[in-house]
Amino acid sequence: MKVHCDIRFINSTHGTYLSGQQVTGQVQIKLTEPKKFNGAKISNVKWTQKRGQGRQRRTVYYTAKRDHLSSMKVLVGSPAGGNPAELPAGEHIYEFACELPSHLPTSFEGSYGHCRYTAQVVMDRPWKFNLTYKVGFTVIQPRDLNMQSPSIRLPSRMEDARVFCCGFWRTKPLFVRVTIPCTGYVPGQAIPLTIDLNNQSSRIIEGVNMKLLQEITYRAEYPASKTRREVHTIVKHIGDGVGSEALIQYKQRLVVPTVIPTCGDLNIISVAYRLHITVRVAGCGSDPVLEIPLIIGTTPLTLQQPATVAIPPVTTDAAVVTGESSGFNFGTVPAQLPSASGLVRENTLPPEYLPPPTYEEAMNGAAVVITDDSDTNAIGTKPYVPLYPSYNFTGIQRLKKNSPKCLASAVEMIANAPADAAMDNLAPRIASVPVLAVDARKNPVDAVASKVECRVPSETGKTKVTFQQTMIVRQLMGLNPWARVLVPFLFVWVLFVLIFYSKLNTSASSSTSTDGDDSLKRLERAVQQLERSKQIDQELRMLVDEYMTDAGASADRKQHFIDELGSKLEQDDNAGWFAVGRPRNGPSLEYERLRRRVDTNTQELWNYFQSEVTKVQKQAQRSAPELVKPLNAFLSMAAEHKRSLLTDIDRMRSVDGYEAWRHRESADLSDLVQRRLTRLQNPENCSTARKLLCRLNKGCGYGCQLHHVVYCFIMAYATERTLILKSKGWRYHKAGWEEVFQPISDTCLDSNGASHASWPGQTNTQVLTLPIIDSLNPRPPYLPLAIPADLAPRLMKLHGDPIVWWIGQFLKYLLKPTGETQQMLENGIERLGFKKPIVGVHVRRTDKVGTEAAFHGIEEYMTAVDEYYDQLELKEKIDKRRVFVASDDPKVIEETKTKYPQYEVIGDPNVAKMAAVSTRYTDSSLNGIILDIHLLSLSDYLVCTFSSQVCRVAYEIMQSMYPDASGRFRSLDDIYYYGGQNSHNREVVLPHNPNSHDEIQVRAGDLVGVAGNHWNGYSKGKNLRTNQVGLFPSFKVNDKIEIVELPKYPDVK
1 MKVHCDIRFI
11 NSTHGTYLSG
21 QQVTGQVQIK
31 LTEPKKFNGA
41 KISNVKWTQK
51 RGQGRQRRTV
61 YYTAKRDHLS
71 SMKVLVGSPA
81 GGNPAELPAG
91 EHIYEFACEL
101 PSHLPTSFEG
111 SYGHCRYTAQ
121 VVMDRPWKFN
131 LTYKVGFTVI
141 QPRDLNMQSP
151 SIRLPSRMED
161 ARVFCCGFWR
171 TKPLFVRVTI
181 PCTGYVPGQA
191 IPLTIDLNNQ
201 SSRIIEGVNM
211 KLLQEITYRA
221 EYPASKTRRE
231 VHTIVKHIGD
241 GVGSEALIQY
251 KQRLVVPTVI
261 PTCGDLNIIS
271 VAYRLHITVR
281 VAGCGSDPVL
291 EIPLIIGTTP
301 LTLQQPATVA
311 IPPVTTDAAV
321 VTGESSGFNF
331 GTVPAQLPSA
341 SGLVRENTLP
351 PEYLPPPTYE
361 EAMNGAAVVI
371 TDDSDTNAIG
381 TKPYVPLYPS
391 YNFTGIQRLK
401 KNSPKCLASA
411 VEMIANAPAD
421 AAMDNLAPRI
431 ASVPVLAVDA
441 RKNPVDAVAS
451 KVECRVPSET
461 GKTKVTFQQT
471 MIVRQLMGLN
481 PWARVLVPFL
491 FVWVLFVLIF
501 YSKLNTSASS
511 STSTDGDDSL
521 KRLERAVQQL
531 ERSKQIDQEL
541 RMLVDEYMTD
551 AGASADRKQH
561 FIDELGSKLE
571 QDDNAGWFAV
581 GRPRNGPSLE
591 YERLRRRVDT
601 NTQELWNYFQ
611 SEVTKVQKQA
621 QRSAPELVKP
631 LNAFLSMAAE
641 HKRSLLTDID
651 RMRSVDGYEA
661 WRHRESADLS
671 DLVQRRLTRL
681 QNPENCSTAR
691 KLLCRLNKGC
701 GYGCQLHHVV
711 YCFIMAYATE
721 RTLILKSKGW
731 RYHKAGWEEV
741 FQPISDTCLD
751 SNGASHASWP
761 GQTNTQVLTL
771 PIIDSLNPRP
781 PYLPLAIPAD
791 LAPRLMKLHG
801 DPIVWWIGQF
811 LKYLLKPTGE
821 TQQMLENGIE
831 RLGFKKPIVG
841 VHVRRTDKVG
851 TEAAFHGIEE
861 YMTAVDEYYD
871 QLELKEKIDK
881 RRVFVASDDP
891 KVIEETKTKY
901 PQYEVIGDPN
911 VAKMAAVSTR
921 YTDSSLNGII
931 LDIHLLSLSD
941 YLVCTFSSQV
951 CRVAYEIMQS
961 MYPDASGRFR
971 SLDDIYYYGG
981 QNSHNREVVL
991 PHNPNSHDEI
1001 QVRAGDLVGV
1011 AGNHWNGYSK
1021 GKNLRTNQVG
1031 LFPSFKVNDK
1041 IEIVELPKYP
1051 DVK
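Take the sequence shown: its position 323, counting from 1, is numbered 323 in full-length UniProt numbering, and each next residue is one higher.
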């Protein structure tokens, strides 16, 4: 061959890399004679995932392919437009390097797909076929078991009890229990497996199949989303059978072969592992099957985080006991605990003893030749098999068995040293004794601080050498495994309550005083108020005297006097026990943010707690049914704690002395914005005013169209242009907006102007026409979720979600009903019997379900309603629980009345019928949806799905009725968002390291683009620093308020 090519990896002799490392290598080209080339280039990294085919009535090929990285370097080439370069005969060496991204998935070869990384040389020859040379290398996504969830260190146990029937005859039960010390392993490591069988039945057990299964999932994306799974048995052992009415224990070690580590669900190929145990019973009936999920990693567990839970001691291998025997008493743990050298430590290693892995070919891996359709003239390829890390634990196990003797040798060496022996001479000898672990030789509960003391005589006195082994008392060992999982949750919950009470609820004790104490405190408050009034009176006298002595006071001086006088009088009017010492401008921003954060994080803690306990409940239903009832009682009591804590937080707000300020500030801010909008919409001269034209008829529903008008209004406010709303021919009401709601201007409604243009136009263009928000280009920074800078300090202090308040102000201005619409609303309230307290429930069905949102049963909505009323009843007496139900499905209202007779259910099925798709765009339907939104916004609390724009509109309007209504909702799906909004970012305040492949790492100060809240303690988003997408704990972030400079309208005071 006249051309020979080879690719060598410099920094990895076996061609294996971890994601995030740098690939460096050399390309060697040997020519037996000179050759002309247009160029030679190397494509360093490229991987492809494909998955195979499925059969219906015809053969359909399902495929998926992703190219995560492609890097190219020109090794040699001719100048642009010049003649081809000529390489002389001989050897030519070129170096290359490429950084691998940290997110690359692990190399894999499967039956229906693969993940490959290749380095390829392409020699571009003039007027001839190109020559190619390709070689594969392995990339491994690290999975350090020590960085996974701490739960993988805990022992795992699965149990089953099976009774066999034949007609009316039933056998005694067969009890099966499978135990492993942890659920995280690496290739080369043994899984110590213990199987206890208590066969009280008359059936014969033919054998026990023990398997380690590998499940591979392929996800196709074309021509449709489809999955295909294949399961491989990678380790198998068959245990002996046992006769009837006997007890036996199997102890088996299944060594994990060289396989791909567990890889994630976010890829189009994922790999998972599980332990599969089948007890084969003779005769009819199903065989007991038990499975335990495992994680196969690349770095084994170490002793950095010692296991805190031991597993029950085991008996002699395959010990058979005949005759009568009892069950296993599932759910208990023997009192005798294993020593430190038990099964838990047998599967963990200290870091200094971690053996380096070797890289071996995958189990059952067949060499493949990497080619594709473009390799028509390949000059050589190498067979490729992925290499995965594997560990050799044989030497480690021998060392661990001898470690107590090694330690004893070290102690004996010191004790027997001659009197004149210097400790410096003994140190090297002692250091050479390999000490790995210490066996307490006692029950760990008793061995709290066992000491080995040796006294070595010396010339100057006695040298005391003490080895002290301190062991943690593991009282939790006596608890059931499920209870051990729940104890940390309970501890965190109680700790949180105590901290809150000690730090923030200093006034809570006053609410539990006796009547006599209350009277005394009221008297004390009156005295304090009197003293404060005297002080203000003295200050007023001094202020008046000072002003009277200044005969030639200027206008500014007079205004200052009036302001000071008003301030003093205001303090006197609001004087009281809680008003004493409060600043005029209300609470600090830090106080309000902290108060709201405590409230929000209390709810997030409950979401997390409820989610985790519910998972345990589901597992208990399968393996320990007797725990279900205690868990339900436990969760019920925890819910009471949550309600009590949230009630105290709300009470703290009402008694902190700032409530009057909040109401006053809310009214002042709202009045300011409404006056600015009125000024904007009523220019002095409409014929010369700059205008922004907005067409109401966007092709969507009523809620969507309202948000379209609000978007137009925000653009008009930001550009200081009068909004002109074109609504004639409106699909909901042909006569237009002005017959349903009041005109948005009293003086300027026409779109006439000297010049017209589409957005963005020019500053001096008189009339600009605005597209829908999805087509807006360029996109200005003042779109939602931004708020104006001049209002931001006040608004951030007043409200928990400022953008919702901001949008609510535009709806407040827009939705002023005409006399006829107002009469319709009042009649509807009277006809339905709408009165408080009441919870508004909006259930969106019909065309929404299955396209934009998931189905939620009425039970999910009413669970949230129950929680609201349970908490409300801690603060006030409720005469009747009421719920207003709005829906586009009339069956929902009747279903609610039938299933919840204890509630007074208010709703109009006729309105729901008119909301159907076929009759949606009629006057009757319009009146119905206006009434529904109005009543939802008047409700005390809102339960809905924020994927519905009707729900979000009601929530936005609700903000104008309270100082802060940001917490008066429960959404069953999305968090609040505004269609077409700019990025919704949150700022990380607490760092987080991922505990599973679904989570992402965040650092304090990172910005995370939030995508949603899973309402289980976690939210999903994208770390803008690392571009990682995944879950993160919701309590570790704060909303980042987007602030932009907008016109201040100085003429509006």
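Just so you know, even glycine gets a beta-carbon here, dropped at the ideal spot from N, CA and C. Values in this document were obtained by computation on a predicted structure and should not be read as measured data.
Can you give the Cα-Cα distance for residue i and residue j, rounded to whole angstroms?
i: Cys165; j: Thr945; result: 48 angstroms
i: Ala853; j: Ser948; result: 8 angstroms
i: Pro909; j: Arg882; result: 17 angstroms
i: Pro356; j: Phe393; result: 10 angstroms
i: Gly928; j: Trp806; result: 26 angstroms
i: Leu672; j: Thr1026; result: 42 angstroms
i: Glu820; j: Thr919; result: 22 angstroms
i: Val841; j: Ser939; result: 9 angstroms
i: His733; j: Cys704; result: 16 angstroms
i: Val953; j: Gln959; result: 10 angstroms
i: Thr818; j: Gly800; result: 32 angstroms
i: Leu795; j: Thr688; result: 34 angstroms
i: Thr747; j: Leu669; result: 25 angstroms
i: Ile260; j: Pro630; result: 41 angstroms
i: Met158; j: Met123; result: 59 angstroms
Does the distance from the CB of residue i to the CB of residue j come in under 8 angstroms?
i: Gly207; j: Gly243; result: no
i: His707; j: Gly979; result: yes
i: Val256; j: Ile295; result: no
i: Phe137; j: Thr258; result: no
i: Tyr359; j: Pro187; result: no
i: Thr298; j: Asp144; result: yes
i: Leu990; j: Lys1040; result: no
i: Trp737; j: Leu725; result: yes
i: Ala864; j: Arg970; result: yes
Starting from residue i and walking both ways along the alpha helix (DSSP H), at which residues does that stretch end?
i: Met652; result: 628-655
i: Gln22; result: It is not in any alpha helix (DSSP H) - Gln22 instead sits in the beta strand (DSSP E) that spans 22-31.
i: Cys686; result: Counting along the chain, Cys686 falls outside any alpha helix (DSSP H), and DSSP gives it neither H nor E.
i: Phe810; result: 802-814
i: Met796; result: 792-798
i: Val598; result: 589-623
i: Glu659; result: 659-681
Of the choices the options, whose alpha-carbon is the least far from that of residue i?
i: His276; options: Gly264, Val740, His237, Leu131; result: His237
i: Ala660; options: Leu874, Leu798, Val767, Thr194; result: Leu798
i: Met824; options: Lys877, Lys698, Ile930; result: Ile930
i: Arg653; options: Glu592, Glu895, Glu86; result: Glu592
i: Gln28; options: Tyr133, Gly833, Gln249; result: Tyr133
i: Ile140; options: Pro1047, His14, Ala633; result: His14
What are the start and end residues of the beta strand (DSSP E) that includes residue i?
i: Gly828; result: No beta strand (DSSP E) contains Gly828, which is instead part of the alpha helix (DSSP H) from 819-832.
i: Phe713; result: Looking at the DSSP string, Phe713 is not in any beta strand (DSSP E); the run it does join, the alpha helix (DSSP H), is 702-719.
i: Thr278; result: 269-281
i: Pro909; result: It is not in any beta strand (DSSP E) - Pro909 instead sits in the alpha helix (DSSP H) that spans 909-914.
Run through DSSP, which three-state label would residue i get?
i: Gln1028; result: coil
i: Cys182; result: coil
i: Phe393; result: coil
i: Lys698; result: coil
i: Trp577; result: Residue confidence for Trp577 is low, a pLDDT of 35 falling below 50, so the modelled location carries little weight; the figure read from the coordinates is stated next. In this structure, Trp577 counts as coil in the three-state DSSP scheme.
i: Leu931; result: helix
i: Val448; result: Summary for Val448: the model assigns pLDDT 34, below 50, so the residue's position carries little reliability; its value from the coordinates is reported in the next sentence. In this structure, Val448 counts as coil in the three-state DSSP scheme.
i: Ser924; result: helix
i: Lys1036; result: helix
i: Asp774; result: helix
i: Pro994; result: coil
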